[in-house]
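The sequence shown begins at -1 in our numbering and counts up one residue at a time.
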Amino acid sequence: MAEHGTTAPAPIDFPASGRRVFAIEADALAAVCARLDAAFSQACQAMLDARGRVVCIGMGKSGHVARKIAATLASTGTPAFFVHPGEAAHGDLGMITDADVVLALSYSGESDEILTLMPVLKRQGNIVIAMTGRPASTMAREADMHLDVSVPAEACPLHLAPTSSTTASLAMGDALAVALLEARGFTADDFARSHPAGALGRRLLLHIADVMHAGDALPVVGPDATVSEALVEMSQKRLGLTAVADADRRLLGVFTDGDLRRTLDDAQLDMRATPIAQVMTRQPRTIGADVLAVEAAHVMEQYKINGLLVVDAEGRVVGALNIHDLLRARVV
């Protein structure tokens, strides 16, 4: 509450402030995008042709951006790492070989720490790509290639905190990484190999064969088995279903918990005498063993089912899985 005789401050419209930032930064990205030209192509080709790695360097906020760009490049097929330019001048420069391409970030293009390294890098034979907001800067002039990330305005109303400029540099780094990814023909499997841990790795690396029940754990009965015999098989294997297959294991149908409920509604049906072929579901949904496990989750969700049978190229049933298997594997 305001003191007597004073005026309470006007409430701040936080969403409006946030929207202004988004608008300013969107304009900045559009401006940088419009300037992508031959220099971008040359930078991509130099990184693609590098016999070594891409070494990203930068000070302050540019250093944080450079570290993120290095991580993105490394995870998308372009070997890369970050070196702090201050530490490089005190020994870490030995981490950079003559086979490496250097991506140097400084919005002003006048970072003393980076400029100190430029003669050494040039003498060593490194290709240096400068990413700055000033095409006439010292870094831009001395580098082999220059990527212009200048922005019309910072989102910071004081024009002090790097905001639009760091966003533009991050986007330029993403553009380089994705262009290189596409040039290398980098695939989801390649991506998974560099992300083996966590949910991402599980979704991209785990295949149906890794989670399905096979061999003695596979519930399967012949078409002449009775409903009662099928229930015993379902109870023992505890998957909520059983495959129905011929003597060569070619799939004929499936009998599920849902089929059982519908069967129980038929008072005239003798479960000990009725063959399972009479009440099974024919042409059930199936999946291949070499498919990613996440695809099984998509199929189950799409068709509102809780289990799937796994078949080979000849239609022989080789496995089965249910939603609980995917949950245990943390695919879903």
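For glycine and all other residues, C-beta sits at the position ideal for the given N, C-alpha and C.
Straight across, the Cα-Cα distance linking Ala21 with Gln300 is about 38 Å. Going by DSSP, Val309 is part of the beta strand (DSSP E) stretching over 305 to 309. Met143 counts as buried, since no fewer than 16 other beta carbons sit within 10 angstroms of its beta carbon. Under the three-state reduction of DSSP, Val100 is assigned to strand.
Taking a C-beta distance under 8 Å as the contact criterion, Leu178 and Gly75 qualify as a contact pair. Inclusion of Thr284 and Leu319 in the CB contact set at 8 Å is not warranted, their separation being larger than that value.
Leaving aside the five residues that flank Arg65 on each side, the residues in its chain whose CB is nearer than 6 Å to its CB run, in chain order, Phe80. Looking at the backbone, the Cα of Met116 and that of Asp110 are separated by about 10 Å. Residue state for Gly58 is assigned as helix, using DSSP reduced to three classes.
About 12 Å separates the beta carbons of Ser135 and Val147, which is beyond the 8 Å limit, so they are not a contact pair.
Ala69 sits away from Ala102, with the two beta carbons spaced by 8 Å or more.
Put simply, of His296, Ala138, Leu168, Asp323 the residue whose alpha carbon is nearest the alpha carbon of Met210 is Asp323. Ile206 and Ala311 have their C-alpha atoms spaced approximately 15 Å apart. Close CB contacts of Leu229 within its chain, under the 8 Å cut and outside five residues either way in sequence, are with Leu258, Met269 (chain order). Closest option to Gly220, judged by alpha-carbon separation, among Ser167, Gly183, Ala169, Ile274: Ile274.
When the beta-carbon positions are compared, Val315 and Ala241 come within less than 8 Å of each other. Taking 8 Å as the cut-off, the Cβ atoms of Ser104 and Gly171 do not count as close. Val100 sits close to Val126, with the two beta carbons spaced by under 8 Å.
Inclusion of Gly305 and Thr254 in the CB contact set at 8 Å is warranted, their separation being smaller than that value.
Following the DSSP letters along the chain, one finds Val315 inside the beta strand (DSSP E) bounded by residues 315 to 320. As the crow flies, the alpha-carbon of Ala28 is around 14 Å from that of Val19. Closest option to Asp96, judged by alpha-carbon separation, among Leu168, Gly84, Arg121: Arg121. Within the same chain, and ignoring the five residues on either side of Ser226 in sequence, the residues whose Cβ sits closer than 8 Å to its Cβ are Met269, Arg270. The residues His205, Ile206, Ala207, in chain order, have a CB closer than 8 Å to that of Asp288 in the same chain once the five nearest residues on each side in sequence are set aside. In the same chain as Lys59, and ignoring 5 residues on each side of it, the C-beta atoms closer than 6 Å to its own belong to Pro160, Thr164, in chain order.
A distance of 8 Å or more separates the beta carbons of Ala41 and Leu113. Taken in chain order, the complete beta strand (DSSP E) segments of 3 or more residues contained in the stretch 209 to 262 are 239 to 243, 249 to 254.
Taking C-beta atoms as the reference points, Ala243 and Leu237 fail to come closer than 8 Å.
Listed in chain order, the alpha helix (DSSP H) runs fully inside the stretch 21 to 87 are 36 to 47, 58 to 73, 83 to 86, counting runs of at least 4 residues.
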